[in-house]
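Protein chains in written order, with our numbering: chain A, 137 to 393; chain B, 137 to 393; chain C, 137 to 393.
For each residue, glycine too, the CB sits at the ideal point set by N, CA and C.
Report on the structure given below.
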Amino acid sequence: MSGQVHSERQGHLIVVSLLHPGKLNAMSCAMWHGLRSVFQEIAQDPGLRCVVLRGDGGQFCAGGDIAEYPDFRFSEAGLRNFHEHEVWPGLDAVQSCELPVVAQIEGNCMGAGLELAACCDLRIAGTSTRFGAPIAKLGFPMAPREIELVAAQIGPSLAKEILFEAATLGAQRLFQTGFLSRVVDDAQVGREAMATACRIAALSPQAAKLNKRTLRALQAGSLAGDLAADPAAYAWADSSEHREGILAFLEKRSPEF
Amino acid sequence: MSGQVHSERQGHLIVVSLLHPGKLNAMSCAMWHGLRSVFQEIAQDPGLRCVVLRGDGGQFCAGGDIAEYPDFRFSEAGLRNFHEHEVWPGLDAVQSCELPVVAQIEGNCMGAGLELAACCDLRIAGTSTRFGAPIAKLGFPMAPREIELVAAQIGPSLAKEILFEAATLGAQRLFQTGFLSRVVDDAQVGREAMATACRIAALSPQAAKLNKRTLRALQAGSLAGDLAADPAAYAWADSSEHREGILAFLEKRSPEF
Amino acid sequence: MSGQVHSERQGHLIVVSLLHPGKLNAMSCAMWHGLRSVFQEIAQDPGLRCVVLRGDGGQFCAGGDIAEYPDFRFSEAGLRNFHEHEVWPGLDAVQSCELPVVAQIEGNCMGAGLELAACCDLRIAGTSTRFGAPIAKLGFPMAPREIELVAAQIGPSLAKEILFEAATLGAQRLFQTGFLSRVVDDAQVGREAMATACRIAALSPQAAKLNKRTLRALQAGSLAGDLAADPAAYAWADSSEHREGILAFLEKRSPEF
């Protein structure tokens with residue numbers, strides 16, 4: 137089995153790593169499955185507050201594992217199965233995660249890598265990281281759900297540049313237009329991603345989950361008025377985190393969540 | 137009663153000021169009401185062409201008045217009432233204003249301040265202005281309508297950075313990614329906001345109202361095709377402003393609106 | 137008849153030029169018709185892979201031909217007919233083109249010019265190019281379909297700055313916020329646009345068409361899940377371009393499309 141997804145818990149954090157040595161962590165079918173498994177475990181661990189997604193060896197992910205493609209992509213059923221029942225459930229596991237997910241992006245962030253980055257909430261990259269999806273060189277388009285995901289996060293213009301011209305873009309361009317939260321020296325990406333995750337983990341976990349739920353619902357097409365009308369929309373009024381946050385502020389002390 | 141909203145008419149312009157001395161103009165319930173009243177008066181004044189929204193004393197608005205919160209926020213009914221019947225009608229009064237609204241943003245633009253800025257049409261800020269909504273420190277999420285409002289204007293990535301990490305962002309970042317129309321020296325923000333409002337007031341008021349109506353309808357989910365099919369969509373064909381604008385151009389003179 | 141639209145085929149490319157000498161290529165009614173005709177011919181030419189849209193004489197397009205306006209714009213029926221049956225079909229012909237369209241943007245890109253640029257997929261501009269839609273000086277608003285088109289590509293904040301303040305913006309601002317793919321020296325715009333079109337034409341035409349179809353459907357409000365569920369969504373599995381792209385990669389050679 138080629139390629140794996142590892143996870144390592146560190147207090148309130150969990151670091152999820154893509155590993156496919158010699159292939160710049162290109163996603164194999166086994167890795168799409170592995171990613172789903174790891175995020176299912178994360179969903180059942182109430183002590184976690186934040187996830188870091190990274191690739192091993194200074195590379196985020198260079199795309200899909202093309203060596204596997206001739207086995208299944210040239211049949212319509214196989215191709216549909218791959219995108220709808222392998223890739224998408226893996227991506228959806230990341231973007232459906234209740235916890236904030238920080239992408240630690242180094243080296244190549246291409247194709248499936250760009251899609252995985254688009255599923256994360258905050259994105260920290262190194263100055264020399266490259267972004268793209270040069271699949272027009274491979275003779276095929278991006279699947280509909282994957283285009284929607286990527287275009288929603290990088291915007292229509294950059295999506296077209298990447299898809300029509302097979303352009304690769306630098307970190308500075310993706311910071312400037314808003315996709316990346318920050319760009320740091322290549323050697324500092326891991327440190328900055330962990331520092332970000334620690335900052336998030338020290339804040340109210342309830343606020344993070346509720347904000348993420350609302351943002352995801354809006355992205356999926358829900359109307360804010362409908363979300364607000366939900367009888368449960370303000371059920372957190374009497375919660376201990378809400379009381380602690382406000383009382384700590386008024387007592388001029390740091391809150392403890 | 138703590139905190140007030142003042143307004144001062146100057147020809148075709150009206151300057152609306154948030155005042156809450158000693159609290160960086162944090163919005164009290166009284167101020168949400170006051171804001172609504174001021175914008176109701178604006179709606180009934182046919183001589184006005186542009187609104188400037190600012191905060192007193194070199195501060196836009198640092199958020200909500202947290203000192204008031206223990207009185208009502210820990211009950212579900214009180215919390216819902218606050219967001220749905222105090223905050224939202226205030227925000228909606230600003231964003232529903234028929235006239236272009238210019239935000240003059242100095243100092244802190246946090247929480248409710250960021251939401252108010254998002255309700256404006258043009259945003260002028262000073263180089264040292266800070267933006268954010270660090271409510272994850274206060275143990276609570278942003279209400280659904282308020283998240284939708286903010287995310288639509290600053291984009292999903294910055295919204296997540298602000299909400300999950302309680303990040304505060306500088307004016308340059310919010311200019312670069314498009315939220316701010318321009319950034320000027322702190323000492324020039326008021327002058328630039330007024331100059332912008334004067335430029336707007338010299339242009340066609342009819343064009344401004346019709347453009348704003350269309351932009352608001354699109355933002356609220358209307359389809360352009362439906363708006364265009366409205367029998368009234370082109371009712372301005374024979375209006376004096378339309379004639380004046382086109383004839384002035386052809387006669388190589390400045391139009392008078 | 138004042139103003140024309142020319143086209144010139146060059147191998148897999150076609151260059152479409154706006155020509156209205158002495159008027160900075162302002163769009164006359166004849167030119168809106170001409171644009172539609174040219175794109176209808178493009179739709180029937182299976183050998184084409186990419187379109188370049190440009191204006192003659194170092195100018196993209198300065199707007200509509202205002203000299204024609206008194207003849208029809210002051211009647212409601214004439215105005216509606218102009219926007220819905222002259223302008224919109226011309227714009228829609230460009231944005232509905234199955235092939236990637238590269239805008240070569242020099243000089244003025246105003247009003248109808250900005251709208252035409254918004255219909256293209258990649259946008260290359262010169263450093264001194266100016267962008268705007270100062271129609272508030274002409275006493276009239278932008279038509280609903282045209283506002284939707286422009287705001288979707290430049291974002292709500294820049295759209296408001298352009299419409300309410302009649303602001304003209306430089307190329308750097310529109311690159312920074314994502315509308316432009318790149319900005320080059322004024323003298324290099326044509327060369328860079330052609331080089332971009334050649335790069336696109338060397339890639340998989342099938343991938344371009346399928347990606348564009350998906351992006352257009354999403355922009356028009358389709359859900360990715362519905363597009364993916366279409367029985368034809370993966371019909372390209374066994375296509376020669378798909379096989380060629382993947383096999384060429386595995387054989388470490390350049391693909392031939």
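Looking at the DSSP output, glycine 191 of chain B sits in a beta bridge with B:Leu154. In this structure, the alpha-carbon of glutamate 222 of chain C lies about 42 angstroms from that of threonine 350 of chain A. At least one CB atom of chain C sits nearer than 9 angstroms to the CB of glutamine 355 of chain B. Near chain B, meaning a CB-to-CB distance below 8 angstroms, the residues of the region 309 to 325 of chain A are Gln312, Thr313, Gly314, Phe315, Leu316 and Ser317.
Straight across, the Cα-Cα distance linking arginine 318 of chain C with valine 325 of chain C is about 10 angstroms. Using a Cβ distance threshold of 9 angstroms, leucine 339 of chain C and phenylalanine 300 of chain A count as a contacting pair.
Counting only Cβ-Cβ distances below 7 angstroms, asparagine 161 of chain A has no contacts in chain B at all, with the closest Cβ about 23 angstroms away.
For proline 367 of chain A, the closest alpha carbon among the candidates B:Glu220, B:Ala229, B:Ile298 and B:Thr304 is that of B:Glu220. For isoleucine 202 of chain C, there is no enclosing alpha helix (DSSP H), as DSSP gives it neither H nor E. Straight through space, the alpha carbons of glutamate 297 of chain B and serine 390 of chain A are spaced by roughly 21 angstroms. Counting along the chain, asparagine 244 of chain B sits inside the beta strand (DSSP E) bounded by residues 244 to 246.
Its chain contains Ala288 as the residues whose beta carbon lies nearer than 8 angstroms to that of glutamine 355 of chain B, once the 5 sequence neighbours on both sides are disregarded; these appear in chain order. DSSP links glutamine 240 of chain B through a beta bridge to B:Arg190 and B:Ile260. For glycine 361 of chain A, the enclosing alpha helix (DSSP H) begins and ends at 360 to 365.
Under the 8 angstroms Cβ criterion, the region 256 to 271 of chain B counts as touching the region 227 to 243 of chain B, having at least three qualifying pairs.
Under the DSSP assignment, histidine 378 of chain C falls outside any beta strand (DSSP E), being part of the alpha helix (DSSP H) whose first and last residues are 376 to 386.
Put simply, the backbone Cα of phenylalanine 267 of chain C is about 36 angstroms away from that of methionine 278 of chain B.
In this structure, alanine 302 of chain C lies away from proline 341 of chain C, with their beta-carbon atoms at least 9 angstroms apart. Listed as beta-bridge partners of leucine 305 of chain C by DSSP are C:Phe267. By the criterion of at least three beta-carbon pairs nearer than 8 angstroms, the region 137 to 150 of chain C is in contact with the region 161 to 177 of chain C.
Check the Cα spacing between leucine 184 of chain B and each of B:Ala307, B:Arg145, B:Glu328 and B:Ala295: the tightest is with B:Arg145. Going by DSSP, valine 319 of chain C is part of the beta strand (DSSP E) stretching over 318 to 320. At a Cβ-Cβ threshold of 9 angstroms, alanine 307 of chain A and glycine 262 of chain A count as neighbours. When C-beta atoms of the region 358 to 372 of chain A are compared with those of the region 168 to 178 of chain A, fewer than three pairs fall below 8 angstroms, so the two segments do not count as touching. Annotation: the continuous beta strand (DSSP E) that includes serine 143 of chain A extends over 140 to 146.
In the three-state DSSP reduction, leucine 149 of chain A falls in the strand class (E or B).
Beta-carbon to beta-carbon, isoleucine 260 of chain B and alanine 329 of chain B are separated by about 5 angstroms, close enough to satisfy the 8 angstroms threshold.
Between the beta-carbon of cysteine 186 of chain B and that of alanine 333 of chain B there is about 4 angstroms, and that keeps the pair under the 8 angstroms contact cut.
The secondary-structure analysis by DSSP pairs methionine 163 of chain C across a beta bridge with C:Gly200. Residue-level contact check: glutamate 297 of chain A touches chain C, since one or more beta carbons of chain C fall below 9 angstroms from its beta carbon.
Contact check for serine 264 of chain C against aspartate 322 of chain C passes: the beta carbons are separated by less than 9 angstroms.
Only Pro270, Ile271, Ala272, Lys273, Leu274, Gly275, Phe276, Pro277 and Met278 from the region 262 to 278 of chain B bring a Cβ to less than 9 angstroms from some Cβ of chain A.
Between glutamate 204 of chain B and the set A:Arg172, A:Phe393 and A:Leu386, the nearest pair of CA atoms involves A:Leu386.
Residue-level contact check: isoleucine 150 of chain A does not touch chain C, since none of the beta carbons of chain C fall below 9 angstroms from its beta carbon.
DSSP places tryptophan 372 of chain C in the coil class of the three-state scheme, outside both helix and strand. Only residues of its own chain outside the window of five on either side were considered, and among them Gln195, Ala198 and Asn244 have a CB closer than 6 angstroms to the CB of leucine 160 of chain B, listed in chain order.
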